[in-house]
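When we follow this note's numbering, the leftmost residue of the sequence shown carries the number 3, and every step to the right adds one.
See structure below.
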Amino acid sequence: MYVDAHRKGARQYADVHTSSGLGEDSPHHLIQMLMEGFLARVNSAKGAIAHGDLEAKSIYISKAIGIVGGLNEAVDLEHGGEIASNLNQLYNYINMRLLQASSENSEVILDEVASLMKDVKEAWDAIASF
Numbered sequence: 003m004y005v006d007a008h009r010k011g012a013r014q015y016a017d018v019h020t021s022s023g024l025g026e027d028s029p030h031h032l033i034q035m036l037m038e039g040f041l042a043r044v045n046s047a048k049g050a051i052a053h054g055d056l057e058a059k060s061i062y063i064s065k066a067i068g069i070v071g072g073l074n075e076a077v078d079l080e081h082g083g084e085i086a087s088n089l090n091q092l093y094n095y096i097n098m099r100l101l102q103a104s105s106e107n108s109e110v111i112l113d114e115v116a117s118l119m120k121d122v123k124e125a126w127d128a129i130a131s132f
């Protein structure tokens, strides 16, 4: 019974994964999607703070931290040179500031990290046009 339920869950996940188009996207586009997801979570966290919903704030900031972790994992420190090192440091800084924003309920800090990610995203988006 457990095996059947597990297989059914795996098939459903595969169906969702395939229908979402994730299997067809380039690594470049997946990074863009992560950055967009980060910005959406930070914006939602700001809204939650503004409405006094601290539970939702924590959830959105946790998701943003997870996204930054994923972006940081994609950085190739071995072959990426100075750019990779700088991105790694920036992502670590963003996560540190996200934790601070969460503890202080700071929309200002959330604006800061969103601005930093927008700068990175603009540069990343420009790569696609080459």
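Positions of the beta carbon are idealized from the N, C-alpha and C atoms, including for glycine.
Report task. Using 10 angstroms around the beta-carbon of residue 98, count the other beta-carbons present and answer buried if the total reaches 16, otherwise exposed. Result -> exposed
Query raised in the report: Quick one: Cα of residue 111 to Cα of residue 122, how far?
Result: Between the C-alpha atoms of residue 111 and residue 122 there is a straight-line separation of about 17 Å.
Requested in this report: For my contact list, residue 62 and residue 50 are in at a C-beta cut-off of 8 Å; report their separation, rounded to the angstrom.
Outcome: 6 Å
Report task. Give, in chain order, every unbroken run of the alpha helix (DSSP H) that is at least 4 residues long and sits entirely within the region 44-76. Result -> 56-75
Query raised in the report: Going along the chain, which residues of its own chain have a beta-carbon closer than 8 Å to the beta-carbon of residue 94, five neighbours each way excluded?
Result: 74
Query raised in the report: Taking C-alpha atoms, which residue in 114, 48, 89 and 107 lies nearest to residue 126?
Result: 89
**Report entry** Heavy atom of the ligand MN within 7 Å of residue 117 beta-carbon
**Finding:** The ligand MN is not among the ligands present in this structure, which contains no ligands whatsoever.
Query raised in the report: Between 79, 45, 77 and 84, which lies nearest to residue 65 when the distance is taken from Cα to Cα?
Result: 45
Report task. State buried or exposed for residue 128, treating a residue as buried only when at least 16 other CB atoms are found within 10 Å of its CB. Result -> exposed
Query raised in the report: residue 33: buried (16+ other C-beta within 10 angstroms of its C-beta) or exposed?
Result: buried
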